[in-house]
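*Asks:* Take a look at this one; I'll ask things after.
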Amino acid sequence: MFNIISMIGLGYIGLPTATLFASRRKKVIGVDVSKRAVDTINQGKIHIIEPELDILVHAAVTEGYLRATTTPEPADAFLIAVPTPFTDQHKPDLNYIGAAAKSIAPVLEKGNLVVLESTSPVGATEQLAEWLAQARPDLSFPQQAGDAADIQIAYCPERVLPGRVVHELVSNDRVIGGMTKTAANMAMELYKTFVEGALVLTNARTAEMCKLTENSFRDVNIAFANELSLICDKLGINVWELIQLANRHPRVNILQPGAGVGGHCIAVDPWFIVDSTPDQARIIRTAREVNDHKPEWVVEKIKIALADALAERPEARFSDITLACLGLAFKPDIDDLRESPALAITKQIMGIGCKVLAVEPNVQCLPEHMTNDSLSLSSLDAALASADVVCVLVKHKPFIESLQSIKSHGRVIDVVGLLAD
Numbered sequence: 321m322f323n324i325i326s327m328i329g330l331g332y333i334g335l336p337t338a339t340l341f342a343s344r345r346k347k348v349i350g351v352d353v354s355k356r357a358v359d360t361i362n363q364g365k366i367h368i369i370e371p372e373l374d375i376l377v378h379a380a381v382t383e384g385y386l387r388a389t390t391t392p393e394p395a396d397a398f399l400i401a402v403p404t405p406f407t408d409q410h411k412p413d414l415n416y417i418g419a420a421a422k423s424i425a426p427v428l429e430k431g432n433l434v435v436l437e438s439t440s441p442v443g444a445t446e447q448l449a450e451w452l453a454q455a456r457p458d459l460s461f462p463q464q465a466g467d468a469a470d471i472q473i474a475y476c477p478e479r480v481l482p483g484r485v486v487h488e489l490v491s492n493d494r495v496i497g498g499m500t501k502t503a504a505n506m507a508m509e510l511y512k513t514f515v516e517g518a519l520v521l522t523n524a525r526t527a528e529m530c531k532l533t534e535n536s537f538r539d540v541n542i543a544f545a546n547e548l549s550l551i552c553d554k555l556g557i558n559v560w561e562l563i564q565l566a567n568r569h570p571r572v573n574i575l576q577p578g579a580g581v582g583g584h585c586i587a588v589d590p591w592f593i594v595d596s597t598p599d600q601a602r603i604i605r606t607a608r609e610v611n612d613h614k615p616e617w618v619v620e621k622i623k624i625a626l627a628d629a630l631a632e633r634p635e636a637r638f639s640d641i642t643l644a645c646l647g648l649a650f651k652p653d654i655d656d657l658r659e660s661p662a663l664a665i666t667k668q669i670m671g672i673g674c675k676v677l678a679v680e681p682n683v684q685c686l687p688e689h690m691t692n693d694s695l696s697l698s699s700l701d702a703a704l705a706s707a708d709v710v711c712v713l714v715k716h717k718p719f720i721e722s723l724q725s726i727k728s729h730g731r732v733i734d735v736v737g738l739l740a741d
């Protein structure tokens, strides 16, 4: 049924998914707007950091099962895995999905399946179907012909952990929401190609809400931990010890506080629910506000520490004071900077006049928008040697391995519990 599969978007989800189909000897055409990404993949290499992926991509390209291009081509199934950010007003931005629909519409053929994988607000799959119908009036779609439609459309979100994407795409259960029963069953047959977890069928709206619910649940629980860290700081209590003690209760499992919440899902998805149902989503909104505030609290802690460091050096100017920010990624041991609170904190601090050394072992260069004379990428050893203040923003493995060196520094702000180990 599915001899050729097209993956629209070759990022952190699209490329691993495309590669897993290819590893099962399916012909896969990967499509991305980035020529650099396309060229890199066609060389059998990867443009992101993800364990095991480089070996799989090299094999898939070498054996002829995976090919990347910037222009969609005819296929039997089209999977869309493009970004779904929000606007400054926390409203969903579906422009990338719209662009994907516009790009594949000309090559759609009767009998095709289109699956949206992007984390999306409720109703996005139906909107995708409308865009496709407008672009191809010669074909019928589920909202017009139901199970008899020429093109079937479904929604199937991923639920994977960065750093374990390849493993979890295979082993995790998947929720498949079809706009019709035919679409759901077609999508199930497609994902059976490599998914070993359960494939659970529902409708598209429920599947969309399921993904948002999962990430909102996590956001609320992280917000509790982050709020607890603020309370404990005010009361002079070690929050790491407190959580360890509280978690000895058999029915309590408090998460660890951090610099905030980042990434393309948890920091974004709850706002989709808030936008759809603002009067009902009160806890979800509050959790988002708590987590969005945490970086501001960290910045204030850093400013106080920098002022104390300056006071100890009366001959120095503020531009002579150096801050080392340990970590830029949104979570440990990955290179993903999307919605990263550590990145936001570093960017805000670099604007106040001190020297900033960013230590991020998983990237080779700083983002273009972080170009500044006061900021530079540094090794951990060099940063510890020259920094007046050290702020641990991400609990990367290299930092854990250098724990004693970090502990021996005179002034350390630890917002991730590294020193509690």
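Counting in the numbering used here, the sequence shown runs from 321 upward without gaps.
Even for Gly, the Cβ is constructed at its ideal location relative to N, Cα and C.
Remember, it's a predicted structure, so these values are computed and weren't measured experimentally.
1) From which residue to which residue does the alpha helix (DSSP H) around A678 run?
2) Within 10 angstroms of its Cβ, does N573 collect 16 or more other Cβ (buried), or is it exposed?
3) Rounded to the nearest angstrom, how far is the Cβ of I328 from that of V351, given a contact under 8 angstroms?
4) Can you check whether the CB of G517 is closer than 8 angstroms to the CB of S491?
5) Roughly how many angstroms separate the alpha carbons of L755 and T526, rounded to a whole number?
6) So C674 packs on L643, CB below 8 angstroms; how close in whole Å?
7) Under 8 angstroms between the Cβ atoms of D396 and F341?
8) Please return the same chain residues whose Cβ sits closer than 7 angstroms to the Cβ of V588, not counting the five positions on each side in sequence.
9) Closest to V683 by C-alpha separation, out of V353, V676, S706 and P652, would be which residue?
10) Give every residue of the same chain whose Cβ lies closer than 6 angstroms to the Cβ of L510, excluding the five residues on either side of it in the sequence, and list them in chain order.
11) Pull up the CB-CB distance for V480 and L376, whole angstroms please, since I reckon it's below 8 angstroms.
12) Who pairs with D734 in a beta bridge, going by DSSP?
13) Could you tell me whether the Cβ atoms of I361 and D374 are closer together than 8 angstroms?
14) Does the stretch 442–449 come close enough to the stretch 610–627 that 3 or more CB-CB pairs lie under 8 angstroms?
15) Run the CB neighbour count on A468, radius 10 Å, all protein chains shown included, and call it buried at 16 or more, exposed below.
16) Is R538 helix, strand or coil by DSSP?
17) Around the C-beta of A638, are 16 or more other C-beta atoms found within 10 angstroms, so that it is buried, or is it exposed?
18) By how many angstroms is the C-alpha of C711 removed from the C-alpha of I672?
19) Pick out whichever of E370, M690 and T337 has its Cα sitting closest to the Cα of L663.
20) If you scan the stretch 366–414 from start to end, which runs of the beta strand (DSSP E) of 3 or more residues do you find wholly inside it?
21) Nearest by alpha-carbon distance to T390: which of T337, F544, A449 and L330 is it?
22) Which residues bound the alpha helix (DSSP H) around I603?
*Replies:* Well, looking at it:
1) Taken as a continuous stretch (DSSP letters only), A678 belongs to no alpha helix (DSSP H), being part of the beta strand (DSSP E) at K675 to V679.
2) Per the 10 Å Cβ criterion, exposed.
3) That pair is a contact at about 5 angstroms.
4) yes
5) Limits of the chain in this structure are 321 at one end and 741 at the other, which puts residue 755 out of reach.
6) 6 angstroms
7) No, the pair does not count as a contact, with Cβ atoms beyond the cut-off.
8) P405, F406 and E659
9) In terms of CA proximity to V683, P652 leads the group V353, V676, S706 and P652.
10) F322 and A397
11) V480 to L376, Cβ: 15 angstroms. No contact.
12) V712
13) no
14) no
15) A468 sits exposed, since fewer than 16 C-beta atoms from the chains shown fall within 10 Å of its C-beta.
16) helix
17) In the sequence under discussion, the amino acid at residue 638 is Phe, which differs from the Ala named in the question. Exposed: under 16 other Cβ atoms inside 10 Å.
18) 16 angstroms
19) M690
20) 386–389 and 397–400
21) L330
22) R602 to A631
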